[in-house]
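When we follow my numbering, the leftmost residue of the sequence shown carries the number 40, and every step to the right adds one. Below is one structure, written out as structure tokens, with a few remarks after it.
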Amino acid sequence: MSEKKSVQDERAEKYCPEKIYYSDNHAEVYCYRKDTSTELIEKILSYLKEKVPEPLQTAADVGCGSGQSTVILAPYFKQVHGLDVSPAQIKQAEATRSLPNVSYAACPAEELPFSEGSVQLITAATSLHWFKVDLFLADVRRVLSNNGVLAVYGYMSMKPDFGDLEVEAQLGQLYDEYFEKLEPYHVSTSIQMMKNKYKDVNFPFEEVVRCPDVRCRFEGRLVDIVNYVSTFSGFQKFKLTDNKSAEECIGAFRKRLYEIGSSFKRSPEDTIVLYRDYQLILCRKTNA
Ligand SMILES: C[S@@+](CC[C@H](N)C(=O)[O-])C[C@H]1O[C@@H](n2cnc3c(N)ncnc32)[C@H](O)[C@@H]1O
Numbered sequence: 040m041s042e043k044k045s046v047q048d049e050r051a052e053k054y055c056p057e058k059i060y061y062s063d064n065h066a067e068v069y070c071y072r073k074d075t076s077t078e079l080i081e082k083i084l085s086y087l088k089e090k091v092p093e094p095l096q097t098a099a100d101v102g103c104g105s106g107q108s109t110v111i112l113a114p115y116f117k118q119v120h121g122l123d124v125s126p127a128q129i130k131q132a133e134a135t136r137s138l139p140n141v142s143y144a145a146c147p148a149e150e151l152p153f154s155e156g157s158v159q160l161i162t163a164a165t166s167l168h169w170f171k172v173d174l175f176l177a178d179v180r181r182v183l184s185n186n187g188v189l190a191v192y193g194y195m196s197m198k199p200d201f202g203d204l205e206v207e208a209q210l211g212q213l214y215d216e217y218f219e220k221l222e223p224y225h226v227s228t229s230i231q232m233m234k235n236k237y238k239d240v241n242f243p244f245e246e247v248v249r250c251p252d253v254r255c256r257f258e259g260r261l262v263d264i265v266n267y268v269s270t271f272s273g274f275q276k277f278k279l280t281d282n283k284s285a286e287e288c289i290g291a292f293r294k295r296l297y298e299i300g301s302s303f304k305r306s307p308e309d310t311i312v313l314y315r316d317y318q319l320i321l322c323r324k325t326n327a
């Protein structure tokens, strides 16, 4: 057991030296994050099914966190694998998002535990920017089946949909200010890659379709948004460095968000419509 642990640690050192999302505490907080929107998964599935016949067999979700992007695949595949370099995230996934056809394992994205051509869909949800991208993409090519699909997606913010453009601008500014305060604590190259919508990544596949800003709406509460921003790796590092200032920073975010909510007569616990704008990149491998 201890030998196994040290192998996991060695791999984490190699591929994820910052050890973000590695502590038990961060993994527990991470459970607050909402599952991927069904609408987005259906968009991915419809692209896959253009060339891969049903019944679908095997999918893998890489950088799965506590399983929010993994369980959502379960209804469509015989077997789904959730992989994450952080054993703490895997422990949470097993405890909170366990399903009969879903298995989880602590494993780096750069060494996928599958044989050649054996996986039909691989997803990387808000995670590609943490990987050694070239190594990951090369391994994805190895394990994908003919016409198999890699779906890379991510989002930066989760906002209430009050249907008011001026308020939307204010919420954008609120997030910008929050990100600015976290800047010294973020791994800037990774966050920049995500902010840049993965535009600088060269995906080595025969077909690549970029779908910017896929807006998905879902029910949630203002308090879910505050929980979400507390899961940011930069915020967790800020807390470890200067807990008081970090709490003040998120307190200011919370106060302004709730003020906006109250101008629409919504309390933090009311169920309202939230949305996320996903960046989605669909890649198909064809052997022909
Ligand atoms: C922002 S979280 C995304 C989690 C989940 N997919 C979601 O949609 O909420 C990024 C995850 O990538 C994992 N990660 C970072 N580097 C990794 C690597 N090299 N291999 C596998 N997972 C990695 C982290 O441990 C973390 O759980």
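In this text, a Cβ means the ideal position worked out from N, Cα and C, and glycines have one as well. No experiment lies behind these values; they were computed from the predicted model shown.
- Partner residues in the beta bridge of residue 197, as assigned by DSSP, are 315.
- Residue environment: residue 309 is assigned as exposed (fewer than 16 neighbouring CB atoms within 10 Å of its CB, all protein chains considered).
- For residue 107, the CB falls within less than 7 Å of some heavy atom of ligand 1.
- When C-beta atoms of the region 225-237 are compared with those of the region 278-296, fewer than three pairs fall below 8 Å, so the two segments do not count as touching.
- In this structure the region 137-156 does not lie against the region 78-89, because fewer than three pairs of beta carbons, one per stretch, are closer than 8 Å.
- Residue 264 sits in a helix when the DSSP states are folded into three classes.
- The distance from the Cβ of residue 83 to that of residue 321 is about 7 Å, consistent with a contact at the 8 Å cut-off.
- Under DSSP, residue 258 shares a beta bridge with 312.
- Here residue 129 really is in contact with residue 143; their C-beta atoms are around 5 Å apart, less than 8 Å.
- In this structure, the CA atom of residue 50 is about 24 Å from the CA atom of residue 192.
- Per DSSP, the continuous beta strand (DSSP E) segment holding residue 123 begins and ends at 116-123.
- For residue 143, the enclosing beta strand (DSSP E) begins and ends at 141-145.
- In terms of Cβ geometry, residue 94 and residue 117 form a close pair [threshold 8 Å].
- Cβ atoms of residue 121 and residue 134 stay farther apart than 8 Å, at about 13 Å.
- Here residue 204 carries a helix assignment [DSSP, helix/strand/coil].
- When DSSP states are grouped into helix, strand and coil, residue 111 belongs to the helix group.
- Here the alpha carbons of residue 98 and residue 250 stand approximately 21 Å from one another.
- Put simply, the backbone Cα of residue 174 is about 25 Å away from that of residue 80.
- Non-local beta-carbon contacts of residue 176 in its own chain, meaning distances under 7 Å to residues more than five positions away in sequence, involve 242, 243 in chain order.
- Cα atoms of residue 201 and residue 73: separation of roughly 20 Å, rounded to the nearest angstrom.
- When only Cα atoms are considered, residue 137 and residue 168 end up about 26 Å apart.
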